[in-house]
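*Asks:* Protein chains in written order, with UniProt numbering: chain A, 1 to 254; chain B, 1 to 632.
C-beta: ideal position from N, C-alpha, C; glycine also.
Below is one structure. I have some questions about it.
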């Protein structure tokens, strides 16, 4: 097999950053905040690179949609082993209201344009937790889907994918071309090494606008308000068990 | 790298002068200027070298702000973007793979970690890409070693001894053949490198090394004999930059003299052996060993930087690496400060969180200021180097002195804030403090570097004075009038307008006073030169005060520039940075005043000679002279 793989790489606020809401509650503060590749997408890239190392894949195309800085995210993907990047630039208010459906439409269009055999994306992004892109992309393309994959094996024209489901594992077989979303235990992504980062500078990144892919990203939704999670109320100490029961009763719990 | 400083030999004045000249990386006067003068004159009076270094010009009382304003930026957009991607993997590696406490307790870096560092590319950060390196510029390198310094200084020295000094000479002075032969293997960490200068009888005084290399009868090899001590990576380095005396015949006089030459020596040449790892106070995982050379045949094509040029090679390597130490230590300070803040904001005593007490607040504020100065120096120097400046030797020396003392103070105070918890090994600060101790000693002891700063500056000022005298003699009206006007203004109190006018208005007072301090410094230097002449070389009590004032003035200018940048760009920390700069400068200005007064104050001068006497008596006695008050 010599697959052409398209991998989605979302730029998100780094998992270690404490998220702060803007004073006007229109969103979260992103300026001056550390961003990195969505961890599930790192797993997706790693899986693609491993498939290339096993000669299952011949080319890996990394895709990212968002502001200019997405180029950095793509550079990381290229340093990890992707061959080229596609950056669909969307910024400002349009990016803030961008939905998984928009991304799915872009991925679907690119899959056709680039003769892609397999799309791998993270099962969800750690910022909006949508978990929709893989499913919608598969639907738009009318390709089979294997979501939340924790193991992927390629077997003559199809993939055998193990999925973690409640209480056990499910093994499914999907024909190629198909869409797979990566779960946490699929692999442990490698570090991008410094020499590879430098080499990645020479790999091409194609820049597109949504309209080049025929996708209308004008906002369909309006963000009404973004709130901090409620602050935990202070507790109180009680003397003994009876007092606990009394308190609970007073609060209507017993 | 465990070597003491070696910049100056203070035993013989002639040697000092020679060394100072060698140390100077300032451009020599261009041949064009020189040819205008008759040859006879040139040999008698050397035209003083023009310098664009702030610190150098400070010694003639002038503020040359070319290298300090605006705060230089060593990164273009592409550099920035690349660096943004590079920092993460380094950070992750040190968070997840490297174990600083384990390295310390085992006094070694485990092979798996070393392999991880190889894969990361950490052994060839600045080696050119075509030789398998990462090809970083100085500023990018500084940012990455800052991360390393925040996690593990032992590994930092393992890496630094390898590339910042071990094979740096090959990058700086190597021929194409030498680069092609050695860089690809050292840049990947397949082979390790070491810098071999220090010897049992030669520490700060580098010109006194005894290792010798003599041409073989067939003229194809140098035969190397001698031994080196405290060589970082000395136990396993395959490629070494070795300094040795070589006999050189002066073609004019026919006289043969020993001069230092640098060689690239491979362990596999034969005759190279090394001792066991030394037991040390800190940076334990970094290998430190003696290396012996017994009739080692070194091919003549392995001479590095030219026969007899070894001292210059050594000084350039060290000079080019010092900013890295400041960068690494600013990372260390950041980490120590964070630990201290975590404790201070959680610990409750006497019913209040301890960060609410003035005692702790003062400590934290001082830690922040020391860090601010160090970090600003590191990036100012790296950026100037990236912009092609070669005129940064005094600034680099100051950054090493300042950073190593600041990091020590900051970590010491962090331990103090943590109290007993800080003294316990589990917390990690105790290890950091042990690691930090060596930074004030190696790569030029801070004591030697202070003298180096003072003497190099004085020499520059001396040249300037001499030129002035000549102008007077030859009646060069322009020069005389200019100087006369400057002096007249000083005496009638009409100070030169604020020479640091680029500083943000919010810090105008500090700029004004620092600008006055520059002038005052120049006056002090001039009076010292007039009073002591060449004998100033032996006045170390005074030289140290001059150096201390120079360091403070440079620090002021650096933070004024950095805070101005923050204020002009209106970045979110601008107001905080302004506070750091203001308090730093205010306090430093007091110290500058004290130090400049000390060199002419009768009571201080008498103290100095008394201290000299006290030390003499102690040394004659072989210990403390006073008896226990009990008399028992």
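Under the rule that 16 or more other beta-carbon atoms within 10 Å means buried, what is residue 185(A), buried or exposed?
*Replies:* Here residue 185(A) refers to the residue found at position 185 of the first chain. It counts as exposed.
*Asks:* By Cβ distance, which residues of its chain are closer than 6 angstroms to residue 193(B), with the 5 residues on each side in sequence left out?
*Replies:* Within the second chain, numbered from 1, the residue matching residue 193(B) stands at position 193. Only 162, 166, 167, 186, 237 and 239 meet the Cβ criterion.
*Asks:* Does any residue of chain A have a CB that is nearer than 8 angstroms to the CB of residue 338(B)?
*Replies:* Position 338 of the second chain, counting from 1, holds the residue named residue 338(B). Cβ-Cβ to chain A under 8 angstroms: no for residue 338(B).
*Asks:* Using a Cβ-Cβ distance cut-off of 8 angstroms, determine whether residue 93(B) contacts chain A.
*Replies:* Taking the first residue of the second chain as position 1, residue 93(B) is located at position 93. Yes, its Cβ sits closer than 8 angstroms to a Cβ of chain A.
*Asks:* Quick test of the definition: if touching needs 3 or more C-beta pairs under 8 angstroms, does the stretch 253-265 of chain B touch the stretch 305-313 of chain B?
*Replies:* In short, these stretches touch, since the Cβ pair count reaches three.
*Asks:* Quick one, are the C-beta atoms of residue 114(A) and residue 6(A) less than 8 angstroms apart?
*Replies:* The residue given as residue 114(A) occupies position 114 in the first chain. The residue given as residue 6(A) occupies position 6 in the first chain. Yes, the pair counts as a contact, with Cβ atoms nearer than the cut-off.
*Asks:* Can residue 255(A) and residue 17(A) be called in contact, C-beta distance under 8 angstroms?
*Replies:* The question about residue 255(A) has no answer here: the residues shown for chain A are numbered 1 through 254.
*Asks:* For residue 633(B), write down the residues that DSSP places opposite it in a beta bridge.
*Replies:* This structure does not reach residue 633(B), given that chain B is present from 1 up to 632, and the question cannot be answered.
*Asks:* Rounded to whole angstroms, what is the Cα-Cα separation between residue 190(A) and residue 77(A)?
*Replies:* Within the first chain, residue 190(A) is the residue found at index 190, counting from 1. Within the first chain, residue 77(A) is the residue found at index 77, counting from 1. Between residue 190(A) and residue 77(A), the C-alpha separation is close to 11 angstroms.
*Asks:* Please list the partners that residue 297(B) has in chain A, where partner means a Cβ-to-Cβ separation under 9 angstroms.
*Replies:* In the second chain, residue 297(B) corresponds to position 297, counting from 1. In chain order: nothing, as chain A lies at least about 34 angstroms away.
*Asks:* For residue 38(B), which residues in the same chain have their Cβ closer than 7 angstroms to its Cβ, ignoring the five residues on either side in sequence?
*Replies:* Residue numbering aside, residue 38(B) sits at position 38 when the second chain is read from its first letter. Bear in mind that a pLDDT of 37 at residue 38(B), under 50, signals an unreliable position, so the model cannot answer this.
*Asks:* What residue range does the beta strand (DSSP E) around residue 562(B) cover?
*Replies:* For this step, residue 562(B) is matched to residue 562 along the second chain. Here residue 562(B) belongs to no beta strand (DSSP E); instead the alpha helix (DSSP H) covers 540-569.
*Asks:* Is there a Cβ of chain B sitting closer than 8 angstroms to that of residue 75(A), yes or no?
*Replies:* As a first step, residue 75(A) is located in the first chain; it is residue number 75 there, counting from the start. At least one chain B Cβ lies under 8 angstroms of residue 75(A).
*Asks:* What are the partner residues of residue 225(B), as DSSP defines its beta bridges?
*Replies:* The count along the second chain starts at 1 and reaches residue 225(B) at position 225. Residue 225(B) is bridged to 212(B).
*Asks:* Would you decide whether residue 205(B) is buried or exposed? Buried here means 16 or more other CB atoms lie within 10 Å of its CB.
*Replies:* As a working mapping, residue 205(B) is identified with position 205 in the second chain. Burial call: buried.
*Asks:* CA-CA distance, residue 639(B) and residue 248(B)?
*Replies:* Because chain B is modelled from 1 through 632, residue 639(B) falls outside the range shown and cannot be assessed.
*Asks:* Determine, for residue 198(A), whether the minimum Cβ-Cβ distance to residues of chain B falls below 8 angstroms.
*Replies:* In the first chain, counting from the first residue as 1, residue 198(A) sits at position 198. Yes, contact with chain B.
*Asks:* When we look at the beta-carbon of residue 102(B) and count the other beta-carbons within 10 Å, is it buried (16 or more) or exposed?
*Replies:* Numbered from 1 along the second chain, position 102 holds the residue referred to as residue 102(B). When all chains shown are included, residue 102(B) counts as exposed.
*Asks:* Taking C-beta pairs closer than 9 angstroms, name the residues in chain A that residue 114(B) reaches, listed in chain order.
*Replies:* Stepping through the second chain from its first residue, residue 114(B) is reached at position 114. Per Cβ cutoff of 9 angstroms: no residues; residue 114(B) is ~14 angstroms from chain A at best.
*Asks:* Please confirm if residue 577(B) has its CB atom under 8 angstroms from at least one CB of chain A.
*Replies:* Along the second chain, one-based indexing puts residue 577(B) at 577. False, the Cβ-Cβ gap to chain A never drops below 8 angstroms.
*Asks:* Using alpha carbons as the reference points, say which of 157(B), 378(B) and 130(B) lies closest to residue 181(B).
*Replies:* Position 181 of the second chain, counted from the start, is the residue given in the question as residue 181(B). The shortest Cα separation from residue 181(B) among 157(B), 378(B) and 130(B) belongs to 130(B).
*Asks:* Quick check: what's the CA-CA separation for residue 295(B) versus residue 227(B)?
*Replies:* Residue 295(B) sits at position 295 when you count from the first residue of the second chain. Residue 227(B) sits at position 227 when you count from the first residue of the second chain. Residue 295(B) and residue 227(B): Cα-Cα distance of roughly 11 angstroms.
*Asks:* Determine the direct distance from the alpha carbon of residue 66(A) to that of residue 173(B), and round the result to whole angstroms.
*Replies:* In the second chain, residue 173(B) corresponds to position 173, counting from 1. In the first chain, residue 66(A) corresponds to position 66, counting from 1. If I take the Cα positions, the gap works out to 46 angstroms.
*Asks:* Go ahead and label residue 622(B) buried or exposed: buried means 16 or more other beta carbons lie within 10 angstroms of its beta carbon, across all protein chains shown.
*Replies:* The count along the second chain starts at 1 and reaches residue 622(B) at position 622. Burial call: exposed.
*Asks:* Within the same chain, show all residues whose beta-carbon is closer than 8 angstroms to that of residue 56(A), passing over the 5 residues directly before and after it, in chain order.
*Replies:* Within the first chain, numbered from 1, the residue matching residue 56(A) stands at position 56. For residue 56(A), where only same-chain residues beyond five positions count, the Cβ hits under 8 angstroms are 1, 2, 3 and 154.
*Asks:* Please classify residue 126(B) as buried or exposed, where buried requires at least 16 neighbouring CB atoms within 10 angstroms.
*Replies:* One-based indexing of the second chain puts residue 126(B) at position 126. Residue 126(B) comes out buried.
*Asks:* Starting from the C-beta of residue 418(B), find all residues in its chain whose C-beta is less than 6 angstroms away, skip the five residues before and the five after it, and write them out in chain order.
*Replies:* Position 418 of the second chain holds residue 418(B). Taken in chain order, the residues that qualify are 343.
*Asks:* What whole-angstrom Cβ distance do residue 44(A) and residue 122(A) have, given they're in contact under 8 angstroms?
*Replies:* Numbered from 1 along the first chain, position 44 holds the residue referred to as residue 44(A). Numbered from 1 along the first chain, position 122 holds the residue referred to as residue 122(A). About 5 angstroms separates the two Cβ atoms, so the contact holds.
*Asks:* Candidates 626(B), 447(B), 478(B) and 583(B): which alpha carbon is nearest residue 203(B)'s?
*Replies:* In the second chain, residue 203(B) corresponds to position 203, counting from 1. The candidate whose alpha carbon is nearest that of residue 203(B) is 447(B).
*Asks:* Comparing alpha-carbon positions, which option in 143(B), 371(B) and 59(B) lies nearest residue 73(B)?
*Replies:* In the second chain, the residue the question calls residue 73(B) occupies position 73. Nearest of 143(B), 371(B) and 59(B) to residue 73(B), Cα basis: 143(B).
*Asks:* Going by DSSP, what residue range makes up the alpha helix (DSSP H) through residue 30(A)?
*Replies:* Locating residue 30(A) in the first chain gives position 30, where the first residue counts as 1. Careful: residue 30(A) lies outside any alpha helix (DSSP H) and carries neither H nor E.
*Asks:* To the nearest angstrom, how far is the alpha carbon of residue 106(A) from that of residue 116(A)?
*Replies:* Position 106 of the first chain holds residue 106(A). Position 116 of the first chain holds residue 116(A). Looking at the two C-alpha atoms, the distance is approximately 13 angstroms.
*Asks:* Would you kindly work out how many angstroms separate the C-alpha atoms of residue 618(B) and residue 123(B), rounded to a whole number?
*Replies:* Here residue 618(B) refers to the residue found at position 618 when the second chain is read from its first residue. Here residue 123(B) refers to the residue found at position 123 when the second chain is read from its first residue. C-alpha separation (whole angstroms): 48 angstroms.
*Asks:* Terminal residues of the continuous alpha helix (DSSP H) containing residue 331(B)?
*Replies:* The sequence position of residue 331(B) within the second chain is 331, counting from 1. From DSSP, the alpha helix (DSSP H) with residue 331(B) extends over 310-344.
*Asks:* Which chain B residues are close to residue 71(A), counting only those with a beta carbon under 8 angstroms from its beta carbon?
*Replies:* For the purposes of this step, residue 71(A) is taken as residue 71 along the first chain, with counting starting at 1. Within 8 angstroms Cβ-Cβ: 81.
*Asks:* Can you round the beta-carbon distance between residue 453(B) and residue 547(B) to whole angstroms, since I take them to be within the 8 angstroms contact cut?
*Replies:* Here the question's residue 453(B) lines up with position 453 in the second chain. Here the question's residue 547(B) lines up with position 547 in the second chain. That belief holds up - the Cβ atoms of residue 453(B) and residue 547(B) are roughly 5 angstroms apart, short of 8 angstroms.
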